[in-house]
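Novice:
In the working numbering, the protein residues as written are 56 to 117.
1. Name the one or two DSSP bridge partners that residue 88 has.
2. Under the DSSP definition of a beta bridge, which residues are partnered with residue 65?
3. Would you identify the three-state DSSP class for residue 101, choosing helix, strand or coil?
4. Our contact map puts residue 99 next to residue 89 with C-beta atoms below 8 Å; I'd like the distance itself, whole angstroms only.
5. Going by the beta-carbon positions, is the gap between residue 103 and residue 86 smaller than 8 Å?
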């Protein structure tokens with residue numbers, strides 16, 4: 056089972072090139088809101104966790 060990401064973690068999506076940051080996690084842990092690092096900001100709401108791609112940077116950065 057895919058682990059539920061935490062706020063501040065970096066994830067990837069198949070249809071977006073670059074890293075995205077988890078900004079919010081739904082109460083049931085099944086969906087997240089994402090925002091890009093760059094400018095202009097790329098924002099996606101209610102992304103299913105099963106659609107997230109695991110990458111070597113799938114961990115919170117200090």
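Glycine included, each C-beta is placed from N, C-alpha and C at the ideal position.
Specialist: Here's the rundown:
1. 79
2. 76
3. strand
4. 5 Å
5. yes
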